[in-house]
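>
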Amino acid sequence: MNWEQLLSLKRHGDTHKRLRKEQDETRLGFEVDYDRVIFSSAFRSLQDKTQVVPLSKTDFVHTRLTHSLEVSVVGRSLGRKVGTKLLEKYPHLKEVHGFQFNDFGAIVAAAALAHDIGNPPFGHSGEKAIGEYFKIGNGSKFQSKLTPKEFQDVCDFEGNANGFKILTENRKGVDGSLRLSYATLGAFMKYPKQSLPKKPTTHIADKKYGIFQSQKEAFTDVAEELGLTKYGNGDDIRYARHPLTFLVEAADDICYTIIDFEDGINLGLIQEEKALEYLINLVRDTIHKEKYSQLQHREDRLSYLRALSINTLIEDAVRIFLENEEAICAGNFSVGIMDKSKYKAQIDDIIKISIDKIYRSDEVIEKEITGYHVLQQLLNTFITAVENYHTGTLSNYDKLILKVLPESVDYTTDYLYHRLMNITNYISKLSDSKAVILFNKLTAKTV
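Residue 117 in numbering that gives the first Met the number 0 sits at position 118 of the sequence shown, with consecutive numbering throughout.
1) Using the DSSP secondary-structure output, state which residues sit across from threonine 49 in a beta bridge.
2) Tell me which residue opens and which closes the alpha helix (DSSP H) that glutamate 322 is part of.
3) Work out the CA separation of valine 247 and proline 90 for me, nearest whole Å.
4) Would you call the segment 348 to 357 in contact with the segment 90 to 109, where contact means no fewer than 3 C-beta pairs closer than 8 Å?
5) Pick helix, strand or coil for glutamine 193, following the three-state DSSP scheme.
6) Looking only at DSSP bridge pairs, what is valine 173 linked to?
7) May I have the straight-line CA-CA distance separating phenylalanine 141 from threonine 62, to the nearest angstrom?
8) Mind checking tyrosine 132: buried by the 16 CB within 10 Å criterion, or exposed?
9) Are there 16 or more other CB atoms within 10 angstroms of the CB of valine 95, so buried, or fewer, so exposed?
10) From valine 446 to asparagine 310, what does the alpha carbon distance come to, in whole angstroms?
11) Reducing DSSP to helix, strand and coil, say where tyrosine 238 ends up.
12) Tell me whether the segment 9 to 25 and the segment 233 to 251 touch, counting them as touching only if at least three CB pairs, one residue from each stretch, are closer than 8 Å.
13) At what residues does the alpha helix (DSSP H) containing tyrosine 358 begin and finish?
14) Can you give me the C-alpha to C-alpha distance between glutamine 212 and asparagine 1, rounded to a whole angstrom?
15) Can the beta-carbon of leucine 77 be found less than 8 Å from the beta-carbon of alanine 204?
16) Which of the three DSSP states, helix, strand or coil, is assigned to isoleucine 436?
17) Inspect the CB distances between the segment 291 to 310 and the segment 364 to 379 and report whether three or more fall short of 8 Å.
18) If you run the structure through DSSP and keep just helix, strand and coil, what is tyrosine 255?
19) Go through the segment 122 to 160 residue by residue and report every complete run of the alpha helix (DSSP H) that reaches 4 residues or more, in order.
20) State the Cα-Cα distance for the pair glutamate 271 and methionine 420, rounded to the nearest angstrom.
21) If you drop the 5 nearest sequence neighbours on each side, which residues of the same chain put their C-beta closer than 7 Å to that of serine 407?
22) Quick check on alanine 41: buried or exposed, where buried means 16 or more other Cβ atoms within 10 Å of its Cβ?
Below is the structure:
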């Protein structure tokens, strides 16, 4: 893979090549990507989607929106630092093509901003709730009517693939959805493969999948334009990651490691004294002990250690990327950047505490149970009504249910897979609270 292609400014529907040297420096294409994501309705819904604790009423706790904003900030720093060194290593990128170090930062920031845009309500438990509706619930009846890959798409519903769908799906009068640059779309794709075969290798890019069957054509177009390394054959072709995807992933890893931990402290799920020890272990080489000792309030101590921890991990991530840049561009770097961190032991300690004290806390588990019931009921209600429409057996209740669906949700298509994906995508875009409110309206129940 080469950086000239990887930094493509092309957008869906372009008939002429976009050259970096011809870009308006006050409205750079990669920065337009960021703007388009942040003004999208799918991004706005993240303000009420779970990051750590579902349906939390405290302003201490991060939502998917605040998490995404923070990941984009960290990603921008990573991209700029890496970009500065890459332009020194490959001077023709600047001298011939006009690329600047800020371009790398803008691409990573935009992709990082969008990295959770496809996540359903209630976090990863929401993905499982949707998948199990089709795997072992009422949706299992559709298996015989779908291709193996189509059925796998719904059984292993994946927020990353749903995000690519949101960013690229054609709608009436709107081709290419947000029409982001291919460089940003490439950096967004953590798992550039279809749902089958599952985990064909131990490479991190094969850990999950990132492309629904409905977006296969758009994905292939982006991958080929960027010159991503191709693997497999026939209908099982998959691609290497865009190198900047490793920075998007590192930004996410850094933020959820440190900031989820911070949320746990603020919620009282993790004892402050013990927690601060773990953060101090991470920044022991860079902490200003005199400055730290002068901080009298927990909020200030935590803020100082959080900032220092994030900066420490940013510098380490940049080092790892640059040391392995050639292997990354060759598609031969098979793990996440932070898996090679010299602070991995400290990171693992923090994550273990977060799992034990936060993700498995009674508050989180109880609200995930609620979310599981809400999403499965919504899926069943809407899909039943849609299928009754197609079999000519609509009840009066079904007719009312169909009126609830927005006009943008096409349930009239004869293609079963698209009907199921359209309903699932609609529900995935709901915020946590909106999903509960809609559940209450449709079932006349109180959750």
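Where is the CB? At the ideal position from N, CA and C, for every residue including glycine.
Once the coordinates are examined:
1) Taking the first residue of the sequence shown as position 1, residue 49 is located at position 50. Paired residue(s): Thr62.
2) Residue 322 sits at position 323 when you count from the first residue of the sequence shown. Here the alpha helix (DSSP H) through glutamate 322 covers 297 to 322.
3) The residue you call residue 90 lines up with position 91 of the sequence shown. The residue you call residue 247 lines up with position 248 of the sequence shown. So the alpha carbons of these two residues sit roughly 24 Å apart.
4) Result no; under three Cβ-Cβ pairs closer than 8 Å.
5) Within the sequence shown, the letter at position 194 stands for residue 193. Residue state, collapsed to three classes: strand.
6) Residue numbering aside, residue 173 sits at position 174 when the sequence shown is read from its first letter. Partner(s): Arg170.
7) For the purposes of this step, residue 141 is taken as the residue at position 142 of the sequence shown. For the purposes of this step, residue 62 is taken as the residue at position 63 of the sequence shown. C-alpha separation (whole angstroms): 34 Å.
8) In the sequence shown, the residue the question calls residue 132 occupies position 133. The residue in question, tyrosine 132, is buried, as its Cβ has 16 or more Cβ neighbours within 10 Å.
9) Here residue 95 refers to the residue found at position 96 when the sequence shown is read from its first residue. Of the other Cβ atoms in all chains shown, fewer than 16 fall within 10 Å of the Cβ of valine 95; this residue is therefore exposed.
10) Here the question's residue 446 lines up with position 447 in the sequence shown. Here the question's residue 310 lines up with position 311 in the sequence shown. Because the pLDDT at valine 446 is just 49, under 50, the model does not fix this residue reliably, and the value given afterwards should be weighed accordingly. Whole-angstrom Cα-Cα distance: 42 Å.
11) On the sequence shown, residue 238 is found 239 positions in, with the first residue counted as 1. Reduced to three states, the DSSP call for tyrosine 238 is strand.
12) Under the 8 Å Cβ criterion, the segment 9 to 25 does not count as touching the segment 233 to 251, having fewer than three qualifying pairs.
13) Start at 1 with the first residue of the sequence shown, and residue 358 comes out as number 359. Note, tyrosine 358: premise wrong, no alpha helix (DSSP H); not H, not E.
14) Taking the first residue of the sequence shown as 1, we reach residue 212 at position 213. Taking the first residue of the sequence shown as 1, we reach residue 1 at position 2. If you take the alpha carbons of glutamine 212 and asparagine 1, they lie about 28 Å apart.
15) Looking up residue 77 in the sequence shown gives position 78. Looking up residue 204 in the sequence shown gives position 205. Annotated as distal: leucine 77 and alanine 204, with beta-carbon spacing of 8 Å or more.
16) Stepping through the sequence shown from its first residue, residue 436 is reached at position 437. Reduced to three states, the DSSP call for isoleucine 436 is helix.
17) The segment 291 to 310, when compared against the segment 364 to 379, does not touch it at the 8 Å Cβ threshold.
18) Position 256 of the sequence shown holds residue 255. Secondary structure of tyrosine 255 (DSSP, three-state): helix.
19) Fully enclosed alpha helix (DSSP H) runs of 4 or longer: 122 to 134, 147 to 154.
20) By 1-based counting over the sequence shown, the position of residue 271 is 272. By 1-based counting over the sequence shown, the position of residue 420 is 421. So the two alpha carbons sit approximately 44 Å from each other.
21) Here residue 407 corresponds to residue number 408 of the sequence shown, with the count starting at 1. Non-local beta-carbon contacts of serine 407 in its own chain, meaning distances under 7 Å to residues more than five positions away in sequence, involve Arg170 in chain order.
22) The sequence position of residue 41 within the sequence shown is 42, counting from 1. Under this definition alanine 41 is a buried residue.
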